[in-house]
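Structure record follows, encoded as structure tokens.
Protein chains: 2
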Amino acid sequence: MISVEEARARIAAGLKPVAAEMVGLAQAHGRVLARPVLARLSMPPADVSAMDGYAVRAADMQPGTSLRLIGEAPAGHPFAGRVGSGETVRIFTGSVIPDGADTVLIQENATASETAVQVNEPVAAGRHIRRRGGDFSAGDEVIPAGRRLSVRDIGVAGAAGHPWLCVRRKPRVAILCTGDEINLPGEPVQAGGIANSNAAMLAAFVAAHGGEPLLLPIARDTEGAVAAGAEAARGADLLVTTGGASVGAHDLVQAGLAQQGFALDFWKIAMRPGKPLIFGSVNAMPVLGLPGNPVSAYVCATLFLAGAVMVLSGLPPKAPRLERARLGTPMKANDQREDYVRAVLGEDGTGWVVTPLPVQDSGMLRALAGAGALIRRAPHAPAAEAGDVVEILPLGAA
Amino acid sequence: MISVEEARARIAAGLKPVAAEMVGLAQAHGRVLARPVLARLSMPPADVSAMDGYAVRAADMQPGTSLRLIGEAPAGHPFAGRVGSGETVRIFTGSVIPDGADTVLIQENATASETAVQVNEPVAAGRHIRRRGGDFSAGDEVIPAGRRLSVRDIGVAGAAGHPWLCVRRKPRVAILCTGDEINLPGEPVQAGGIANSNAAMLAAFVAAHGGEPLLLPIARDTEGAVAAGAEAARGADLLVTTGGASVGAHDLVQAGLAQQGFALDFWKIAMRPGKPLIFGSVNAMPVLGLPGNPVSAYVCATLFLAGAVMVLSGLPPKAPRLERARLGTPMKANDQREDYVRAVLGEDGTGWVVTPLPVQDSGMLRALAGAGALIRRAPHAPAAEAGDVVEILPLGAA
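Residue numbers (my numbering), protein chains in the order written: chain Y, 417 to 814; chain C, 417 to 814.
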């Protein structure tokens with residue numbers, strides 16, 4: 417059995433980023449940039465006004481002076497002429513500062529008629545002007561490669577003149593759920609059977625983490641069915657299986673994958689829930705085998721699949737971010753397995769309080785859905801009292 | 417001018433949730449449930465084993481007893497007969513407990529041959545059994561209406577037997593950017609013109625918050641163009657405009673909307689950046705007019721549009737969640753406008769430290785993209801020292 421940390425490192429080492437594709441700017445949010453964005457334009461493109469007012473010459477600025485209004489230059493319509501001594505041009509936020517003018521008299525400080533503008537409060541040179549390239553200049557790297565694009569990044573890339581961005585394509589993750597007892601929800605349920613929760617849950621998980629799920633038909637408990645599933649996954653960047661990773665006679669995933677030339681990396685982790693976790697590859701396609709139990713499958717997906725999709729997406733490998741909270745009730749000492757305890761997360765005015773669910777049965781998916789966090793208990797962690805600070809992994813929408 | 421809080425309340429009051437649609441289970445993640453999910457199945461569907469082992473009768477449990485192995489019942493293949501005195505059936509995690517058996521002897525505590533199982537360590541009645549309905553029973557409401565569905569909820573709905581879910585459709589948000597100086601990125605840029613950043617940024621913003629963006633062609637600075645844009649938005653659940661919300665001669669959005677019968681609710685907010693913010697409706701379609709400046713547009717989107725999309729999606733109105741951080745540098749006293757100051761967010765070992773960007777020019781979109789938070793300064797907030805605790809709005813991917 418290997419540690420959670422070693423498992424994470426070995427999974428990351430077994431994956432490489434997928435190739436890039438071009439996507440339209442408005443669709444690139446959340447994607448990982450494969451090539452840096454270099455500005456094709458400067459922003460602002462010229463010295464422009466930061467206010468509505470009048471383009472003037474600082475030398476003309478005496479209180480009571482009347483300037484001749486020789487034109488106007490709305491944003492997008494630069495003034496073609498030149499502002500001479502005693503002259504002014506009406507401008508607006510974003511208007512290019514006309515030649516000859518060197519400052520902006522804001523409209524609140526002027527009295528204007530149709531042909532003249534009276535200076536009520538003089539202004540020094542260079543005021544209310546956004547300088548050319550003040551935000552960025554053509555040629556600047558405005559977004560580095562390897563970054564997951566935020567909504568604001570989309571705005572920056574747009575201002576920099578990019579209609580397309582070069583991003584990593586979404587990693588294709590094939591999902592192969594195995595078991596004689598399961599059918600997809602809404603399909604007929606035989607005696608002793610259950611509706612499968614893993615398939616749709618993992619498809620949603622993959623999509624929520626930026627991957628593209630490929631939901632394969634459920635494989636029955638034969639080696640041939642599992643082998644056929646692996647064959648159907650060809651072209652995926654990762655094959656995720658559920659079930660059959662344990663040691664019983666009906667645990668056939670490894671045997672089935674072996675028919676396709678499976679190379680095992682590891683298959684047991686010192687953690688709970690989820691000890692049986694397979695990692696390896698079939699014909700260069702990485703394979704992550706999750707437990708069949710949906711609670712264990714979800715916890716293992718959070719700890720390992722999320723990071724795997726990140727690495728495939730071109731992001732650096734990263735463990736889920738742990739936070740700290742105080743225990744609401746005592747906890748017993750832990751054994752040699754790293755434990756992820758389902759818990760309710762609350763606040764008491766001074767900070768987070770986390771309380772383990774009374775029943776930790778890994779069959780309780782509805783209870784998991786109501787949980788706010790997992791408490792991480794290190795191997796051999798000593799008993800803890802109420803009020804002790806523990807590490808938690810908050811559970812969110814993904 | 418009204419307060420940020422009042423503006424938020426009036427926007428929420430002017431919106432109502434969109435209608436529902438049916439979506440496939442795997443696509444329902446992140447959507448808001450319109451009808452509660454009632455379990456169609458019980459989970460577990462029967463008393464099932466929580467372990468691999470043998471279904472036995474507690475009355476037979478004496479150390480050294482040898483039980484006759486009369487069959488096996490893999491998950492999905494219940495045993496058709498009955499376990500009599502001195503008998504046992506091989507079972508696995510998830511197997512239905514056969515009639516007659518009342519507990520599970522785990523395989524680690526037994527020695528099995530092909531025909532017999534020797535009890536090495538007796539087990540009490542009722543052990544290692546997941547009881548029928550232990551997670552939920554048919555008819556239980558397993559997910560309430562009005563909840564944004566998490567990945568785990570998808571799993572629960574699947575286990576409850578639902579192939580489809582009834583969710584609010586994505587609110588359709590039409591985006592109408594106005595201005596003579598702007599063109600979409602990659603389109604030719606005229607002298608004094610700029611590449612538009614708002615259109616794609618807001619489309620990404622809407623999508624990131626669960627809406628469906630409808631990107632209209634840019635409207636030039638004429639009332640007719642704005643009116644035509646509003647007409648093109650018909651059928652949207654919300655029309656968002658940018659630009660033209662201020663008081664200059666080229667601020668035409670309200671005049672253009674008026675041609676379509678605009679009913680104004682408010683149009684000035686005591687905040688910075690973003691004072692000119694329009695809210696009203698055109699033929700029962702709500703209209704939110706954002707400033708044209710992309711920094712102001714983004715900040716106003718964060719403060720008002722995100723919440724508007726939530727309300728349209730059927731969620732309760734909610735202000736963005738503010739956190740607390742210590743100031744890295746002093747700040748001056750604030751005037752009568754609520755201020756959202758772009759800032760860098762760091763950590764110093766004891767918690768978050770937030771430091772305003774030296775330049776707060778609302779033309780600096782790239783600077784905004786690098787900011788980690790907005791510092792909220794209440795109207796008339798007094799000067800603050802480095803180390804003082806202030807309210808921040810962390811800026812994330814959306």
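Ideal Cβ positions, reconstructed from N, Cα and C, are used throughout, including at glycine.
At a cut-off of 8 angstroms, the C-beta of residue 471 (chain C) has no neighbouring C-beta in chain Y. Under the three-state reduction of DSSP output, residue 448 (chain Y) falls in the strand class. Counting along the chain, residue 618 (chain Y) sits inside the alpha helix (DSSP H) bounded by residues 614-624. DSSP places residue 687 (chain Y) in the strand class (E or B) of the three-state scheme.
Taking the Cα of residue 426 (chain Y) as reference, the smallest distance to any Cα among Y:439, Y:629, Y:551, Y:724 is reached at Y:724. Taking 8 angstroms as the cut-off, the Cβ atoms of residue 471 (chain C) and residue 434 (chain C) do not count as close.
Contact note: residue 597 (chain C) reaches chain Y through 491, 492, 510, using a C-beta cutoff of 7 angstroms and chain order. Residue 780 (chain C) counts as buried, since at least 16 other C-beta atoms from the protein chains shown sit within 10 angstroms of its C-beta. Residue pairing of residue 482 (chain Y) in beta bridges, as defined by DSSP: Y:534. Contact annotation for residue 570 (chain Y) against chain C: 616, 617, 620 [CB-CB distance below 7 angstroms, chain order]. With fewer than 16 neighbouring CB atoms inside 10 Å of its own CB, residue 796 (chain Y) falls in the exposed class. Secondary structure at residue 638 (chain C): coil, using DSSP grouped into helix, strand and coil.
Counting along the chain, residue 726 (chain C) sits inside the alpha helix (DSSP H) bounded by residues 722-728. Bounds of any beta strand (DSSP E) do not take in residue 712 (chain Y); it lies within the alpha helix (DSSP H) bounded by 710-716. If you check the CB distance, residue 589 (chain Y) and residue 628 (chain Y) come in under 8 angstroms. When only Cα atoms are considered, residue 512 (chain Y) and residue 557 (chain Y) end up about 25 angstroms apart. The C-beta distance from residue 814 (chain C) to residue 442 (chain Y) rounds to 14 angstroms, too long to meet the 8 angstroms contact threshold. Take the alpha-carbon of residue 788 (chain C) and the one of residue 718 (chain C): they are about 14 angstroms apart.
Chain Y has no Cβ within less than 8 angstroms of the Cβ of residue 756 (chain C). Residue 727 (chain Y) and residue 436 (chain Y) have their C-alpha atoms spaced approximately 14 angstroms apart. Ranked by how close their Cα comes to the Cα of residue 801 (chain C), the residues C:602, C:608, C:749, C:782 have C:749 in first place. Residue state for residue 524 (chain C) is assigned as helix, using DSSP reduced to three classes. Neighbourhood of residue 553 (chain Y) in chain C, by CB distance below 8 angstroms: empty, with the nearest CB roughly 11 angstroms away. At least one CB atom of chain Y sits nearer than 8 angstroms to the CB of residue 782 (chain C). Collapsing the DSSP output to three states places residue 754 (chain C) in a strand. Here residue 734 (chain Y) is exposed. Its C-beta has fewer than 16 other C-beta atoms within 10 Å. One thing to note: residue 698 (chain C) has its Cβ no nearer than 8 angstroms to the Cβ of residue 644 (chain C). Per DSSP, residue 421 (chain Y) is one residue of the alpha helix (DSSP H) stretching across 420-429. Using beta-carbon distances, residue 579 (chain C) counts as an interface residue toward chain Y, with a partner under 8 angstroms. For residue 542 (chain C) and residue 694 (chain Y), the gap between their C-alpha atoms comes out near 32 angstroms. In the three-state scheme derived from DSSP, where H, G and I count as helix and E and B as strand, residue 585 (chain Y) is classed as coil. Within a 10 Å sphere around the beta-carbon of residue 506 (chain C) sit 16 or more other beta-carbons, which makes this residue buried.
Residue 530 (chain C) and residue 488 (chain C) have their C-alpha atoms roughly 11 angstroms apart. If the five residues before and after residue 539 (chain C) are omitted, its C-beta is found closer than 8 angstroms to the C-beta atoms of 472, 474, 477, 519, 520, 521, 522, 525, all from its own chain and listed in chain order.
In the same chain as residue 653 (chain Y), and ignoring 5 residues on each side of it, the C-beta atoms closer than 6 angstroms to its own belong to 434, 587, 588, 728, in chain order.
Here DSSP, grouped into helix, strand and coil, assigns residue 557 (chain C) to strand.
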